[in-house]
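J.: Chains as they are written, first to last, in the working numbering: chain P, 1 to 206; chain H, 1 to 238.
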Amino acid sequence: MPPVTRGFVGRRKRDPRLPPGQYDVGDQWPVLTAEPAPNLDTARWTFRIDGLVDHSVEWNWDEIRALPRERWDGDIHCVTTWTKFGMTWDGIPLDALLEAAGPLPEARYVVAHSHTGYTTNLPLADITGGRAWLAFAAASAPERPAPLTREHGGPARLLVPHLYFWKSAKWVAGLRLLADDDPGFWERNGYHDRGDPWAEQRFQGD
Amino acid sequence: METTSRKTLRWQLATVLEVRDEAPKVRTFRLGLDGPATHLPGQYYVLRLTAEDGYTAQRSYSVASAPHGRPEIELTVERLDDGEVSEFLHDVVVPGDVLEVRGPVGGWFAWDGAGPALLVGGGSGQVPLAAMLRHARALGRPELVRMVLSVRTPRGLYYGDELRGPEVHPVFTKVAPEGSRRPAGRLRLDDVAPLVRGGETAFVCGSPAFADAAAALLTEAGLPPAAIRIEQFGPTGA
Ligand SMILES: Cc1cc2nc3c(=O)[nH]c(=O)nc-3n(C[C@H](O)[C@H](O)[C@H](O)COP(=O)(O)OP(=O)(O)OC[C@H]3O[C@@H](n4cnc5c(N)ncnc54)[C@H](O)[C@@H]3O)c2cc1C
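1) Taking DSSP as the reference, what is the three-state secondary structure of R59 of chain H?
2) Beta carbons nearer than 9 Å to chain P: which residues of the region 43 to 69 of chain H have them?
3) With a threshold of 7 Å on Cβ separation, who are the neighbours of E2 of chain H within its own chain once the five nearest residues in sequence on each side are excluded?
4) Is the separation between the beta-carbon of D62 of chain P and that of A101 of chain P shorter than 8 Å?
5) Run the CB neighbour count on M132 of chain H, radius 10 Å, all protein chains shown included, and call it buried at 16 or more, exposed below.
6) Terminal residues of the continuous alpha helix (DSSP H) containing D91 of chain H?
7) Under 7 Å from any heavy atom of ligand 1, does the C-beta of R48 of chain H make it?
8) Report the neighbours of P36 of chain P on chain H: residues whose CB is nearer than 7 Å to its CB, in chain order.
9) Should E231 of chain H be counted as a contact of ligand 1 given a C-beta to heavy atom distance under 7 Å?
10) Between which two residues does the alpha helix (DSSP H) holding D50 of chain P run?
11) Which residues, in order along the region 168 to 192 of chain P, keep a beta-carbon less than 7 Å from a beta-carbon of chain H?
12) Checking 8 Å against the spacing of the C-beta atoms, do L223 of chain H and A209 of chain H come in under that value?
13) From the DSSP output, in three-state form, read off D24 of chain P for me.
14) DSSP has S140 of chain P in a bridge; who is on the other side?
15) Could you tell me if the beta carbon of R186 of chain H falls within a distance shorter than 7 Å of some heavy atom in ligand 1?
16) CB-CB under 7 Å to R157 of chain P, same chain, minus the five flanking residues each way: which ones, in chain order?
17) Which value, in whole angstroms, describes the spacing of the CA atoms of G174 of chain P and V57 of chain P?
18) Using a Cβ cut-off of 8 Å (strictly closer), state whether W111 of chain H contacts chain P.
19) Please look up how many angstroms separate the CB atoms of P123 of chain P and W45 of chain P, rounded, as I've assumed it's under 8 Å.
20) Under 8 Å Cβ to Cβ from G35 of chain H, same chain only, skipping five residues before and after it: list those, please.
21) In terms of alpha-carbon separation, which member of P:D15, P:G184, P:P19 and P:P183 lies closest to C78 of chain P?
22) Is E208 of chain H close to chain P? Criterion is C-beta to C-beta, closer than 8 Å.
23) By a C-beta neighbour count over all protein chains shown, 10 Å radius and 16 as the cutoff for buried, is M1 of chain P buried or exposed?
24) Note down, in chain order, every chain P residue with its Cβ under 8 Å from the Cβ of V16 of chain H.
25) Within this structure, are the beta carbons of P103 of chain P and L177 of chain P separated by less than 8 Å?
26) For E84 of chain H, which residues of its own chain have a beta-carbon under 6 Å away from its beta-carbon, when the five flanking residues on both sides are left out?
27) Where does R79 of chain H sit, in a helix, a strand or coil, going by DSSP?
28) On a CA-only basis, which of P:F185, P:G184 and P:Q201 is nearest H192 of chain P? Give me that one, please.
29) Report the residues of the region 68 to 96 of chain H with a CB closer than 7 Å to any CB of chain P, ordered along the chain.
30) Applying the 10 Å Cβ sphere with the 16-neighbour rule, what's the burial state of V168 of chain H?
31) Within its chain, find whatever has a CB closer than 6 Å to the CB of R207 of chain P; leave out the 5 residues flanking it on each side and keep chain order.
32) Is G160 of chain H near ligand 1 - that is, is its Cβ less than 7 Å away from at least one heavy atom of it?
33) Name, in chain order, the residues that DSSP records as bridge partners for Q204 of chain P.
34) Listed from N- to C-terminal order along the chain, which residues in the region 60 to 87 of chain P have their beta-carbon within a distance smaller than 7 Å of any beta-carbon of chain H?
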């Protein structure tokens, strides 16, 4: 156990929906990016799954919008310590997209990459089993999800709500399946390779 | 750029050497480290507090001081109402106390002093930018940086007279100093556009709303998006 800090008792009453070190951001939805938001034209937009798959698949905007969608309701957690409760999201389960590409047995990790060049790594197990989506719309419940603005990653971003939100790559362009973990943009800058908010996995070594 | 090493991520004990008021509700903590400060201006440390029962709280704080080879850093903390860690630091911590820290962390929002930089900060976003200005001055290259600071009133400027001088362009959003030619008001295009020279990297730091607005102005002023780096924190700004 770390040494006790003189005089520190900590906050006694905390909302149990808040992971450690997080605060409730309320109605706000802060925009956090390392670069200004790009303007992506859906006429030229694509989403691709490649790497250790049976065959690479690429969808254009119309093709991906024709696939069956799902709704997800819940909370999102940003590593910069805000948590937003009770959101509604609309997207396509990554399970369905991965199934179309056919992951090879040796595929254990993915790198998600964005149209901006941003990358982030995830264990394949974290984006399968009905826990991750390619999302197009979001809202603070009980509203109807509205198309993601460009600040929030529109026209499409990942939604991996059980991990810190930097894993939910904005402006996502594709997933590459790999046998070994390959740290992405923030992970090479010291952030955690997995990023579980409940385990407070903020930095490498947490 | 990989600037966060495994060594960085080891917790160490830091002794509070000095506590200083900076602005209303803003205080600087000078901490003694177990080795020379090796951060790049813009990087931050994580601070961890532990209660008797094992409960811990961690928060990130940008380094305000420039790397200077001495085994110490300065962190500047704004006290938030009901803020678990910032209130504790303001109300309880005195010189001689021991805090746990690890760092430096973060490699993207960091300036190594190699090229020109345009620094745009609001509220506690002044902290990492001050480290950059101090670094430029220590290198004898103050002309490398131009700094725009957005604060509510003249008292909102941190670090005494240090954030003054030809490199620094303060913008007051609520109350402008007497005799000032610019009336109080939010950051505008003509506050930043004249400072764009071309070829610089912009570092924008403040609340999400401030950072967003400032980045939009910089883009409008002609900076390519790839030349703009953003760090968002703190509830205030302008
Ligand atoms: C990379 C990085 C660098 C930082 N550098 C600095 C710095 O140099 N100086 C500094 O003062 N702070 C800095 N911060 C913010 C700091 O880490 C804490 O978030 C802040 O001190 C509040 O912690 P707290 O425990 O006092 O408040 P908490 O107990 O966590 O929150 C109290 C209340 O304050 C509000 N609040 C808390 N954090 C925020 C926030 N980020 N934005 C909006 N409202 C909030 C919420 O309403 C919350 O209910 C930095 C953050 C990051 C991510």
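Note that CB positions come from ideal geometry on N, CA and C, so glycine has one too. For clarity, every value in this text was computed on a predicted model and none was experimentally measured.
T.: Result, derived from the coordinates:
1) In the structure shown, R59 of chain H sits in a strand (DSSP, three-state: E or B).
2) Across the region 43 to 69 of chain H, CB contacts with chain P closer than 9 Å involve V46, R48, L49, T50, A51, E52, D53, G54, Y55, T56, A57, Q58, R59 and S60, in sequence order along the chain.
3) At E2 of chain H, the pLDDT of 45 sits below 50, so the modelled position is not reliable; the number obtained from the coordinates is stated separately. Around E2 of chain H, the same chain offers G107 as residues with beta carbons nearer than 7 Å, after the five sequence neighbours per side are excluded.
4) Contact flag unset, no.
5) Result: buried.
6) Under the DSSP assignment, D91 of chain H falls in the alpha helix (DSSP H) whose first and last residues are E84 to D91.
7) No, since every heavy atom of ligand 1 falls outside the 7 Å radius drawn around the Cβ of R48 of chain H.
8) In chain order: A215, T219, P225 and I228.
9) The answer is yes for E231 of chain H.
10) First-last for D50 of chain P: T46 to G51, but that is the beta strand (DSSP E), not the alpha helix (DSSP H).
11) From the region 168 to 192 of chain P, only R188, N189 and G190 have a Cβ closer than 7 Å to chain H.
12) Result no, Cβ atoms of L223 of chain H and A209 of chain H do not sit closer than 8 Å.
13) Three-state result, D24 of chain P: strand.
14) P:M87, per the DSSP bridge assignment.
15) No, Cβ of R186 of chain H sits at least 7 Å from all heavy atoms of ligand 1.
16) Cβ-Cβ distances below 7 Å link R157 of chain P to A135, L148, S168, A169, K170, W171 and V172 in the same chain, with the five nearest sequence neighbours on each side left out; the list follows chain order.
17) Using only the alpha carbons, I get a separation of about 10 Å.
18) Not closer than 8 Å to any Cβ of chain P, the Cβ of W111 of chain H fails to qualify, so no.
19) Contact doesn't hold; Cβ gap of about 27 Å is too wide.
20) Only P71 meet the Cβ criterion.
21) Across the set P:D15, P:G184, P:P19 and P:P183, the C-alpha of P:P19 shows the shortest separation from the C-alpha of C78 of chain P.
22) According to the sequence displayed, residue 208 of chain H carries Pro and not Glu. At least one chain P Cβ lies under 8 Å of P208 of chain H.
23) With fewer than 16 other Cβ atoms within 10 Å, it is exposed.
24) Those within 8 Å of V16 of chain H in chain P number zero; the least Cβ separation is about 10 Å.
25) Going by C-beta atoms, P103 of chain P is nearer than 8 Å to L177 of chain P.
26) For E84 of chain H, the CB contacts under 6 Å within the same chain, skipping 5 residues up- and downstream, are A57 in chain order.
27) In the three-state reduction of the DSSP assignment, R79 of chain H falls in the coil class, being assigned neither a helical nor a strand state.
28) Just measuring C-alpha positions, the residue of P:F185, P:G184 and P:Q201 sitting nearest H192 of chain P is P:Q201.
29) Those residues of the region 68 to 96 of chain H that come within reach of chain P (Cβ to Cβ, closer than 7 Å) are E84, F88 and V92.
30) Looking at its Cβ environment, which holds 16 or more other Cβ atoms inside 10 Å, V168 of chain H is buried.
31) With chain P running from 1 to 206 in the structure shown, residue 207 of chain P is simply not present.
32) No.
33) Residue pairing of Q204 of chain P in beta bridges, as defined by DSSP: absent, with no partner found.
34) Cβ contacts with chain H: T80.
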